[in-house]
Amino acid sequence: MRFKRFGKTEMNVSVATVGTWAIGGTGWGDVNKADSIRAIRAMVDNGVNFIDTAPVYGKGHSEEVVGEAIRDMKREDLIISTKAGLIWGEGIDGIERDITYKSIMWEIDQSLKRLGTDYVDLYLVHKPDFKGTPTEETMRAMMEIKKSGKARHIGLSNYSVELTKEAEQYGDVEAIQPPFSMVDRSELAVMEYAKSRDMGVMTYGSLGAGILTGAIRTLPNWDPSDTRYSFYNFFKEPKFSKCQELLKTLDAIAEAHGKPVAQVAVNWSTQNPLVDTALMGVRNVAEADENCAATDWTLTDEEIATINAAIEKYEA
657 MRFKRFGKTE MNVSVATVGT WAIGGTGWGD VNKADSIRAI RAMVDNGVNF IDTAPVYGKG
717 HSEEVVGEAI RDMKREDLII STKAGLIWGE GIDGIERDIT YKSIMWEIDQ SLKRLGTDYV
777 DLYLVHKPDF KGTPTEETMR AMMEIKKSGK ARHIGLSNYS VELTKEAEQY GDVEAIQPPF
837 SMVDRSELAV MEYAKSRDMG VMTYGSLGAG ILTGAIRTLP NWDPSDTRYS FYNFFKEPKF
897 SKCQELLKTL DAIAEAHGKP VAQVAVNWST QNPLVDTALM GVRNVAEADE NCAATDWTLT
957 DEEIATINAA IEKYEA
């Protein structure tokens, strides 16, 4: 396993982070709890020290699964991050954004309870709410949570450069979590800004919800409610066919190394100097072992340039 310094937090993080969105189950097809627990433990056994979750993943289920998976581990050896700002419950239709002071202060206690821990290493605002909640109010809650010791560090997820700068006026933003992969480079600007401010950068979506594993070669016919349809444009035409062309480049590089395509995608993300750690969603031990094995080797500069050229064609 390779490690990097996580910005100003000074935490030494594995370049692979356990991503637990799919473990939440909702909208991801059949997900087995026992398999999820074994997958998390397998990632840790392979040298991963960072686990990311959020209350909204499965409406608390993901945090509970993480809590169960780490119960017998040394807490000080792990870096745990979770998030605030997406809530559900009585009187709420589906999921609602709420980054008010009152909600965030309530949410952290619920998350700690589900995780079975006294603190998280990183607490993130999951998304801006765009409902007029003052940034000062949101950051006041986050800073109080840090001061209380319930979170060692705080940061932002899915925030633009402009909103990140605004948040910095009211507190120390120590990390960001944007999407980043071969099929989604839309947030490069905020990643570059974060690096200039010495923030830790943890990216999600490294495997493009599975399409960059090479396992999806024909246009999928999932249930219309499947999360992947609403979040990603590359599971529909015309992007799907373009992605298949990109995969041909990855196939050739994977074959040259005798490695799976997924490991090429993982290394492309984790070798990027803007990325400190990349979230990797896992639902079973086999996926965990394969993702972690990527850190045993690296892509050459020439291979990265070849991939980047193929990405330019995909984006055109």
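Numbering of the sequence shown is given in this note's numbering, commencing with residue 657 and proceeding in unit increments.
Where is the CB? At the ideal position from N, CA and C, for every residue including glycine.
Because the structure is a prediction, the values reported are computed rather than measured.
Per the Cβ contact rule, the stretch 855-872 is in contact with the stretch 926-946 (3 or more Cβ pairs under 8 Å). Contact between the stretch 819-836 and the stretch 775-786 is established, with three or more Cβ pairs separated by less than 8 Å. Per DSSP, residue 766 is one residue of the alpha helix (DSSP H) stretching across 757-771. Counting along the chain, residue 900 sits inside the alpha helix (DSSP H) bounded by residues 895-913.
Scanning its chain for C-beta atoms nearer than 6 Å, with the 5 sequence neighbours on each side dropped, one finds around residue 959 the residues 909, in chain order.
Going by DSSP, residue 812 is part of the beta strand (DSSP E) stretching over 807-813. Taking the Cβ atoms as the reference, residue 936 lies roughly 4 Å from residue 947, within the contact range of under 8 Å. A Cβ-Cβ separation of about 16 Å leaves residue 810 out of contact with residue 821 under the 8 Å criterion.
Proximity of the stretch 726-739 to the stretch 702-714 meets the contact definition, three or more beta-carbon pairs being nearer than 8 Å.
Around the beta-carbon of residue 919, 16 or more other beta-carbon atoms lie within 10 Å, marking it buried. In this structure, residue 889 places its C-beta atom within 7 Å of the C-beta atom of residue 895. Around the beta carbon of residue 893, a 10 Å sphere encloses fewer than 16 other beta carbons of the protein chains shown; the residue is thus reported as exposed. Sequence-distant partners of residue 695 (beyond 5 residues in either direction) whose C-beta falls short of 7 Å from its own C-beta, in its chain, are 938, 939, 940, 941, 943 and 944. By a beta-carbon distance limit of 8 Å, residue 807 contacts residue 775. Their separation comes to about 6 Å.
Shown here, residue 857 sits in a strand according to DSSP, grouped into three states. Residue 657 counts as exposed, since fewer than 16 other C-beta atoms from the protein chains shown sit within 10 angstroms of its C-beta. Ranked by Cα distance from residue 798, the first of 662, 723, 812 and 709 is 812. Pairing residue 826 with residue 800 gives a Cβ-Cβ distance that is not under 7 Å. Linking residue 954 to residue 866 through their CA atoms gives a straight-line distance of about 21 Å. Taking C-beta atoms as the reference points, residue 712 and residue 679 fail to come closer than 7 Å.
Ranked by Cα distance from residue 846, the first of 863, 739, 819 and 665 is 819. The DSSP-derived three-state label of residue 748 is coil.
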